[in-house]
Each structure stands twice: as C-alpha cells, then as structure tokens.
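Novice: Can you read through this structure? Questions will come right after.
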Amino acid sequence: MEDKIKIYSAAALFNGREAFFNSCLVEGLESIGYNVNSPQRDGFEFGNLIKTLSGKVEIGRESLIAKNIIYFLDMGIFIPNSDVVLANFDEPLDEGVVVESSYAKLMGKFVVGLRTDVRSPYGSPDEVFGGVHSFPACQSDKFISHYMSSRTTTEGGEQMKSLVDKIDCTISNANVVSGGFVPKYVTSNPNFDFVLKGAYLLFEGVKDIHSKDGLNKIVSRYIDNEKVLSQVLPDSV
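With the first letter of the sequence shown counted as 1, position 49 gets the number 153 in our numbering; the numbers rise by one all the way through.
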C-alpha cells in the first residue's frame with residue numbers, strides 16, 4: 105500500500121482565530137487521506153516544556169531552551185519528514201512561516217503557499233500573490249489565493265471544503281512522491297546536517313514527546329548536549 109503523503113502545516117497559531125482555522129484545515133486534509141503534522145497539535149505544549157525544564161536549568165533560561173528544542177523538532181523532524189509544506193501567508197506574515205517555507209524550499213520539499221487574506225500591503229488582492237510580499241511568496245512551488253467571506257458557519261464550512269479541494273488538486277497535479285525524501289545535497293550541507301543531527305540526538309527513540317517520560321528524556325538530552333546544541337543560536341554581541 106502506498107504511503108500517505110505527509111503535509112507539514114506552517115501557520116501562525118497564537119490566537120483562537122488562527123488555531124481554529126488551522127484545525128479545520130488539518131482535519132479537512134486528513135479526512136481525504138493526507139497525513140498532516142500540525143505544530144499546535146503534534147508539537148510541544150510550551151507550558152509543559154517549560155515546566156519540565158524548571159529546576160533543571162538556571163532560572164530565566166527555560167524559555168530560550170524551550171524555543172531551541174522546538175526549533176529542532178520543527179526544522180529537524182517535521183519538515184525533513186514531510187513531502188509537502190503548506191505555508192499560510194495571511195497577514196500579518198508570521199516570521200516562523202517565512203523561515204520554514206524558505207528552509208523547506210531549500211530542502212527540496214514541495215511548498216504550497218496559501219492566502220485567504222484580502223489585506224494587500226504589497227499590491228492588489230487581484231495580483232497573483234494576492235498582495236502579499238513577493239519574497240516569501242516566491243518560496244512557493246504553487247500559490248493558492250482563496251477568498252473566504254465565511255458570513256455564516258455553514259458558508260465557512262463550504263469555503264473550507266473548497267480550499268481543501270484546491271490543495272488536494274494542487275498536490276495531485278504535482279505528482280508528489282511520499283516518503284519524506286531528503287536529497288543528498290541537504291545532508292552534505294553542514295548547516296542542514298547540524299540541525300538534522302541535533303534533532304536525532306534529542307528525539308531518537310522517544311515514542312511520545314508529549315508524555316512526562318518523553319519530555320524528561322528530551323530535556324535531559326538537551327542539558328547533556330547543550331554545549332553542542334546551543335550552537336544553533338547566534339552569538340550575542
């Protein structure tokens with residue numbers, strides 16, 4: 105049986121509106137057979153990670169270390185293991201999404217840019233990128249502009265289904281191959297290789313990253329290897 109195509113959902117997730125939209129989109133894609141990695145569901149719960157770090161590292165460093173661990177998960181596990189990266193370019197542009205879409209593009213992933221926003225700070229909504237800044241949009245292999253008025257929940261549901269169908273059609277027409285393939289040029293690049301090896305060091309063999317045991321293992325591994333893993337951060341000057 106052919107493996108399901110795996111999608112990484114790159115999207116802002118910091119308020120109810122964003123999180124609800126993401127959940128609806130992920131559920132819609134999974135209902136038609138895709139395997140989706142959704143950071144807000146499948147990634148770390150920030151508070152639990154902070155709680156696990158508390159008392160194990162110096163006070164005040166918990167947040168920075170937690171963000172570093174999350175970086176290794178998203179950039180070293182979720183994106184490399186995906187076949188498609190679905191990047192939400194609604195306003196305001198999320199910095200993490202911009203970085204992840206660029207990173208995925210350089211990794212040879214099929215990147216689908218998505219925009220439902222009618223705000224157009226960099227042009228007209230009628231233009232090919234719907235008024236979004238062209239630099240992040242150009243990281244996409246395909247770009248979908250999809251207007252969603254969602255005047256009622258029923259209409260919103262219909263428009264979400266239409267969006268899911270557009271994404272499905274885009275991926276199907278691209279003949280994306282499943283399996284999370286990482287090209288050799290990626291692993292031979294020292295910058296990519298560092299992140300991939302760091303992620304392996306942290307997460308290899310951890311069956312459930314959300315469990316207490318899983319969190320403790322990951323945090324202990326980070327602390328034991330912090331001198332190496334912290335090199336992903338820039339030097340402060």
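Don't be surprised by glycine CBs; every beta carbon is placed ideally from N, CA and C.
Can you round the beta-carbon distance between Val188 and Val290 to whole angstroms, since I take them to be within the 8 Å contact cut?
Specialist: Going by Cβ atoms, the distance from Val188 to Val290 rounds to 16 Å, so no, they are not a contact pair.
Novice: Kindly provide the ranges of any alpha helix (DSSP H) runs that are 4 or more residues long and lie completely inside the region 227-295, ordered along the chain.
Specialist: 238-241, 257-277 and 288-291
Novice: Who are the Cβ neighbours of Ala170 in its own chain at under 8 Å, not counting the five residues just before and after it?
Specialist: Phe148, Phe150, Leu153, Ile154 and Leu157
Novice: DSSP state of Gly217, grouped into three classes?
Specialist: strand
Novice: Quick one: what does DSSP say Tyr112 is sitting in, helix, strand or coil?
Specialist: Here DSSP, grouped into helix, strand and coil, assigns Tyr112 to strand.
Novice: By the three-class DSSP mapping on this structure, what secondary structure does Val310 have?
Specialist: coil
Novice: Which whole-angstrom value is the C-beta distance of Phe193 and Arg219, which I expect to be below 8 Å?
Specialist: 5 Å
Novice: Looking only at C-alpha atoms, which of Ser324, Val268, Glu166 and Asn139 sits nearest to Gly283?
Specialist: Asn139
Novice: For the region 151-232, list the beta strand (DSSP E) runs that are entirely contained and at least 3 residues long, ordered along the chain.
Specialist: For the region 151-232, whole beta strand (DSSP E) runs of length 3 or above, ordered along the chain, are 188-192 and 214-219.
Novice: For Asp312 and Gly318, I'd like the C-alpha separation in whole angstroms.
Specialist: 6 Å
Novice: Under 8 Å, with one C-beta from each stretch per pair, do the region 202-212 and the region 287-307 reach the 3-pair mark?
Specialist: yes
Novice: Assuming Ser266 contacts Glu259 under a Cβ cut-off of 8 Å, what Cβ separation, rounded to an integer in Å, is found between them?
Specialist: The pair is not a contact, with the Cβ atoms about 10 Å apart (cut-off 8 Å).
Novice: Could you check what DSSP says for Asn141 in three-state terms: helix, strand or coil?
Specialist: strand
Novice: Starting from the C-beta of Ile327, find all residues in its chain whose C-beta is less than 7 Å away, skip the five residues before and the five after it, and write them out in chain order.
Specialist: When the five nearest sequence neighbours on each side are left out, the beta carbons in the same chain lying within less than 7 Å of the beta carbon of Ile327 are those of Lys160 and Val161, in order along the chain.
Novice: What first and last residue would you give for the alpha helix (DSSP H) that runs through Ile136?
Specialist: Counting along the chain, Ile136 falls outside any alpha helix (DSSP H), and DSSP gives it neither H nor E.
Novice: According to DSSP, simplified to helix, strand and coil, what is Ser318?
Specialist: The sequence given here places Gly at residue 318; Ser does not occur at that position. It is helical.
Novice: Under a Cβ-count criterion, where at least 16 other Cβ atoms within 10 Å of its own Cβ denotes burial, should Asp269 be classed as buried or exposed?
Specialist: Counting the other CB atoms within 10 Å of its CB gives Asp269 a total below 16, which places it among the exposed residues.
Novice: Let me know if Ala278 comes out buried or exposed under the rule of 16 or more other beta-carbons within 10 Å of its beta-carbon.
Specialist: exposed
Novice: DSSP three-state call for Asn329: helix, strand or coil?
Specialist: coil
Novice: How many whole angstroms separate the CB atoms of Ser342 and Asn141, which I take to be in contact at a CB cut-off of 8 Å?
Specialist: Any question about residue 342 goes unanswered here, given that the chain covers just 105 to 341.
Novice: Looking at the structure shown, is Glu149 part of a helix, part of a strand, or coil, going by DSSP?
Specialist: coil
Novice: Is DSSP giving Asp297 helix, strand or coil here?
Specialist: helix
Novice: Check Val336 in the structure and name its three-state DSSP category.
Specialist: helix
Novice: DSSP state of Phe124, grouped into three classes?
Specialist: helix
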